[in-house]
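What follows is one structure encoded as structure tokens, with my remarks underneath.
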Amino acid sequence: MALLATAAYAFTDERRVYLDSLDVTADTILTICAPDQSMRPVAVEACIGFRPTGRSTGRHSAKAALLWGMTDSGEYYMAAIYPGAITLDDAVDDRYLQLEVVRHTASGDSLLRSVECRSGINPAPGQNHLAVELDPMGKATVSIGKSTLTQVADIECAGASEGRFAVIATAGVRLPLVVAAYRSAAPSLHSGIDEEAIRRAERSPGSPVGIWEYLDRDTDSRRAMAGGRYRLGIIPAADGGKGDYDIVYLGGAEVNSHLWKTGMIKGRLKALPFASHWDLQWYDSDMRLIVHDINASMEQNSILSLNFPLMKSTIRFYRAD
Numbered sequence: 000m001a002l003l004a005t006a007a008y009a010f011t012d013e014r015r016v017y018l019d020s021l022d023v024t025a026d027t028i029l030t031i032c033a034p035d036q037s038m039r040p041v042a043v044e045a046c047i048g049f050r051p052t053g054r055s056t057g058r059h060s061a062k063a064a065l066l067w068g069m070t071d072s073g074e075y076y077m078a079a080i081y082p083g084a085i086t087l088d089d090a091v092d093d094r095y096l097q098l099e100v101v102r103h104t105a106s107g108d109s110l111l112r113s114v115e116c117r118s119g120i121n122p123a124p125g126q127n128h129l130a131v132e133l134d135p136m137g138k139a140t141v142s143i144g145k146s147t148l149t150q151v152a153d154i155e156c157a158g159a160s161e162g163r164f165a166v167i168a169t170a171g172v173r174l175p176l177v178v179a180a181y182r183s184a185a186p187s188l189h190s191g192i193d194e195e196a197i198r199r200a201e202r203s204p205g206s207p208v209g210i211w212e213y214l215d216r217d218t219d220s221r222r223a224m225a226g227g228r229y230r231l232g233i234i235p236a237a238d239g240g241k242g243d244y245d246i247v248y249l250g251g252a253e254v255n256s257h258l259w260k261t262g263m264i265k266g267r268l269k270a271l272p273f274a275s276h277w278d279l280q281w282y283d284s285d286m287r288l289i290v291h292d293i294n295a296s297m298e299q300n301s302i303l304s305l306n307f308p309l310m311k312s313t314i315r316f317y318r319a320d
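In numbering that gives the first Met the number 0, the protein residues as written are 0 to 320.
Written out as structure tokens, the structure reads:
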């Protein structure tokens, strides 16, 4: 999740907090406040600039760090980067950034991961991005890079998504921009609709009601990752307008498959004044609701296309009943 880049589409349940040119007192933890207490933290990213480190080798004392899972008792997880160098001469210039992931508790610090990063980074002096993304099932993904983020560590940290974000830096380290993303708690998508109910639903000419199997996809992997080869059911939306339909998940999830259960709502088709075309609302594999600039269309009553133009992606299904 590259938070510092412009989002290609918007989620209705996600908000971001931007902090410009932070003035962090040396080694003081600065907590990032959530926009709403009901929202949980999902990702934080910082732009970090180190000063020149001179000609000395080894790991330098300058550092910048992102903290997550902070509790009232003072416990937290921390991903910190330090500039360092093995050799500095005319023949060989071996500089790196050292990433350390630490678990802090009342009994002290535990080092969970230590990585020397050389590829895709700016050695000091230089500017880099450090990011932490939290999985709702208890995993933190730590990424680093000068322009493109590269995943360098996955950390099991059950319950950490309930804590707070914070930043910390030593004197002289610049933090031009920090951004944190927060998301509303995942909605209850259970509908109580099963496959038999979909098969019994009344079908009018040209309606998409029925069972749909995955056919193929045309996706840009740089912008979107397919959540699976879904099997879907479509049924008239009981609480929607005329011509609105609910999309029901029947199987096929490959990302977060443990979260998706048969009968959960996967999206909605919203009526348009054009035959066989709809506005689309879609829950992605993380159960985030996408509502802007996406649509669906049906060809010859047999091929259903879900279109995500800004993501340069289309997924197609064929009628299976």
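All C-beta atoms, glycine included, are put in the ideal place defined by N, C-alpha and C.
Asked: Neighbourhood of G240 by C-beta, 8 Å cutoff - its chain only, sequence neighbours within 5 removed; Found: K269 and A270
Asked: Cβ distance (whole Å) where S19 is taken to contact L129 below 8 Å; Found: Checking the sequence, you will find Asp at residue 19 rather than Ser. The pair is not a contact, with the Cβ atoms about 17 Å apart (cut-off 8 Å).
Asked: Backbone CA spacing between L303 and V151 [nearest angstrom]; Found: 39 Å
Asked: Coil, strand or helix - S220 by DSSP; Found: coil
Asked: Contact set for T149: own chain, Cβ-Cβ below 7 Å, skip 5 residues either direction; Found: G119, S142 and I143
Asked: Simplified DSSP assignment, three categories, for M69; Found: strand
Asked: Buried or exposed by the 16-neighbour rule on C-beta atoms within 10 Å, applied to L231; Found: buried
Asked: Residues bridged to T30 [DSSP beta-bridge criterion]; Found: A165
Asked: Cβ-Cβ separation, A42 to A64 (assumed contact under 8 Å), whole Å; Found: Their Cβ separation, rounded to whole angstroms, is 16 Å, which puts A64 and A42 out of contact at 8 Å.
Asked: Cutoff 8 Å; reference S256; Cβ partners in own chain excluding five residues on either side; Found: G227
Asked: Backbone CA spacing between F273 and R102 [nearest angstrom]; Found: 56 Å
Asked: Pairwise C-alpha distance: R287 and L279; Found: 14 Å
Asked: Rounded separation between I154 and A139 - CA only; Found: 5 Å
Asked: 8 Å Cβ shell around Y317 - same chain, five flanking residues per side excluded; Found: W211, E212, L214, S301, I302 and L303
Asked: Contacts around P51, its chain only, beta-carbon distance under 7 Å, and the 5 residues preceding and following it disregarded; Found: A123 and P124
Asked: Beta-carbon proximity of R39 to S160, cut-off 7 Å; Found: yes
Asked: Among W259, T261 and W277, the one whose alpha carbon lies nearest that of R387; Found: The chain is shown from 0 up to 320; residue 387 falls before or after that span and cannot be answered.
Asked: E195, DSSP secondary structure in three states; Found: helix
Asked: Residue nearest to C32 in terms of C-alpha spacing, selected from L96, S55, I234 and R163; Found: R163
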